[in-house]
Amino acid sequence: MITIILTYRNRKLTILKRCLESLKMQSNDQFSVVLVDYGSEESFITALSELLEDYSFVSVIKCNLSGQLWNKSRAINIALKQIESPHVFVGDVDMIYHEDFVKKLHELSAKNEVTYFQVGFLDEQESSFDKAFLEYAVNFKSTHEATGMTLFKTEVLKSINAFDEFYHGWGSEDTDVHVRLQHAGFNVNFYDEDLLMLHQWHPKTYREVNDVTPFHSGLEAINAKYLQFTSQTKRTLANENFQWGHYDPNSVKELDKPKMSFQLTNEKSEIIGWIANILLHPINTVVIATIKPHESYRSLKEKVKKQIGKKVVQCIDFQQLNDLLLETIITKLRHCYYQYSYNAKKEEISLIIKL
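Quick look at the structure:
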């Protein structure tokens with residue numbers, strides 16, 4: 515038996531349906547699918563549940579984490595902690611799989627090596643059609659540099675502490691796990707003898723003007739640099755200071771009942787003091803903080819004082835403040851359960867976190 519792990523959040527259900535239909539048609543049925551719903555909004559949850567009723571081979575792990583940054587590594591690890599099959603394939607919900615894909619997984623699993631697969635990319639128009647796998651017109655194919663879609667021996671993946679949960683947003687987590695496995699002495703092979711999966715086109719997810727969900731525009735660049743240091747230091751183990759693959763629904767529920775409340779401004783000294791004394795202090799309680807502009811922020815009086823060289827209140831720009839808080843969570847507090855929102859238009863940040 516092979517377990518296929520898929521991760522999901524607010525993805526168009528027609529894309530997921532094509533993916534699951536292709537798995538339903540597999541010539542070898544010795545597999546199961548674990549779908550991790552990592553924080554979908556309510557508008558998606560009901561429709562997702564209805565869709566999955568048609569696919570008995572799919573089990574769902576629901577994680578109520580819509581107010582947290584997307585973390586594919588953690589979503590994968592949550593499933594990995596629960597599976598018992600000797601091999602696991604980490605895929606994507608936007609793939610369409612060849613009917614002999616699982617058959618090939620079983621053939622390759624006998625080699626006990628790490629194998630990742632070439633992907634054929636469909637353009638927007640082609641992705642809108644429901645066709646047999648071989649009837650799709652492939653726009654282009656991936657090379658060995660695209661490192662997702664990987665078959666692992668489960669115990670091998672666990673031996674390096676699974677996927678590195680530092681990676682938030684998009685990018686680098688799949689390359690990272692390959693690099694660390696190679697550092698640990700395992701062979702990582704690229705399979706391109708046959709094309710066994712197709713990527714459905716979908717628009718990139720951009721932040722809308724009125725969107726208040728957590729977002730950091732620099733995460734892809736940060737992830738890339740972090741990966742460089744993993745390569746440079748020959749690191750094999752991830753998540754050494756945090757428990758990986760952990761999800762506690764009871765802790766999520768505790769966020770509904772904060773015990774401490776803070777009304778803050780974007781004054782630099784106040785923010786730095788609060789982060790050091792509260793956010794980074796293990797007080798074992800749920801804290802809520804609301805951050806709004808300081809009365810002197812953007813005021814004409816402060817601008818004049820600054821021009822004539824007088825002392826002014828030092829404030830942090832709200833975009834920089836947003837990035838600072840999210841970077842603090844990623845580097846120091848990613849094991850904590852939280853709900854975060856940033857209204858750029860109103861310049862207001864809200865954070866509820868169990869410390």
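Taking this note's numbering, I'd label the letters of the sequence shown as residues 515 to 869. From the three backbone atoms N, C-alpha and C, an ideal C-beta is built for every residue, glycine too.
Legend entry - Local Cβ density within 10 Å of Phe571, reported as buried at 16 or more and exposed below that: exposed
Inset, instruction - Identify whether Thr629 lies in helix, strand or coil by the three-state DSSP scheme. - result: If DSSP states are grouped into helix, strand and coil, Thr629 belongs with the strands.
Legend entry - Exposed unless 16 or more other CB atoms sit within 10 angstroms - verdict on Asp688: Buried is the call here.
Inset, instruction - Starting from the N-terminal side, write out each stretch of the beta strand (DSSP E) that is 3 residues or longer and does not extend beyond the stretch 582–615. - result: 601–604, 609–611
Inset, instruction - Take every Cβ of the stretch 626–642, pair it with every Cβ of the stretch 653–669, and state whether three or more of those distances are shorter than 8 Å. - result: Taking one beta carbon from each stretch, the stretch 626–642 and the stretch 653–669 have 3 or more pairs nearer than 8 Å; the two touch.
Legend entry - Reduced DSSP secondary structure (H/G/I, E/B, other) of Cys850: coil
Legend entry - Boundaries (first-last residue) of the alpha helix (DSSP H) holding Arg536: According to the sequence provided, residue 536 is Ser. The question's Arg does not apply to it. Note, Ser536: alpha helix (DSSP H), 527–538.
Inset, instruction - Can you tell me which of Phe776, Val691, His760 puts its alpha carbon nearest to the alpha carbon of Ile802? - result: Here the closest residue by C-alpha is Phe776.
Inset, instruction - Alpha carbon to alpha carbon, how far is Leu838 from Lys846? Give it in angstroms, no decimals. - result: 12 Å
Inset, instruction - Specify, as a first and last residue, the run of the alpha helix (DSSP H) that Ala738 falls within. - result: 733–746
Inset, instruction - Could you tell me the boundaries of the beta strand (DSSP E) in which Leu712 lies? - result: The continuous beta strand (DSSP E) containing Leu712 extends over residues 711–713.
Inset, instruction - Look up Ser639 in the DSSP assignment and say whether it is helix, strand or coil. - result: In the sequence under discussion, the amino acid at residue 639 is Gln, which differs from the Ser named in the question. The answer is helix: DSSP assigns Gln639 an H, G or I state.
Legend entry - Lys667 in three-state terms, based on DSSP: strand
Inset, instruction - With a 10 Å radius around its C-beta and 16 neighbouring C-beta atoms as the bar for buried, classify Phe615 as buried or exposed. - result: Counting of Cβ neighbours within 10 angstroms places Phe615 among the buried residues, the total reaching 16 or more.
Inset, instruction - Using a threshold of 8 Å, state whether the C-beta atoms of Ile592 and Ile575 are closer than that. - result: yes
Inset, instruction - Just tell me which of His620, Lys868, Glu784, Leu534 has its CA closest to the CA of Asn542. - result: For Asn542, the nearest C-alpha among the options comes from His620.
Inset, instruction - Name, in chain order, the residues that DSSP records as bridge partners for Lys576. - result: In the DSSP output, where bridge partners are listed per residue, Lys576 has Asp551.
Inset, instruction - May I ask you to report which of helix, strand or coil DSSP gives Asn857? - result: strand
Inset, instruction - Excluding the 5 residues preceding and the 5 following Pro728 in the sequence, name in chain order all residues of the same chain whose CB lies nearer than 8 Å to its CB. - result: Cβ within range, chain order: Gly581, Gln582, Leu583, Leu840, Tyr854, Ser855, Tyr856.
Inset, instruction - Would you tell me roughly how many angstroms separate the C-alpha atoms of Leu835 and Tyr705, rounded to the nearest one? - result: 44 Å
Inset, instruction - Look at the Cβ atom of Lys517, then the Cβ atom of Val550, and state whether they are nearer than 8 Å. - result: First, the residue type needs correcting, since residue 517 is Thr and not Lys in the sequence shown. Not in contact: Thr517 and Val550 (Cβ atoms no closer than 8 Å).
Legend entry - Run of the alpha helix (DSSP H) containing Phe776, from where it starts to where it stops: Unbroken run through Phe776 is the beta strand (DSSP E), 774–779; no alpha helix (DSSP H).
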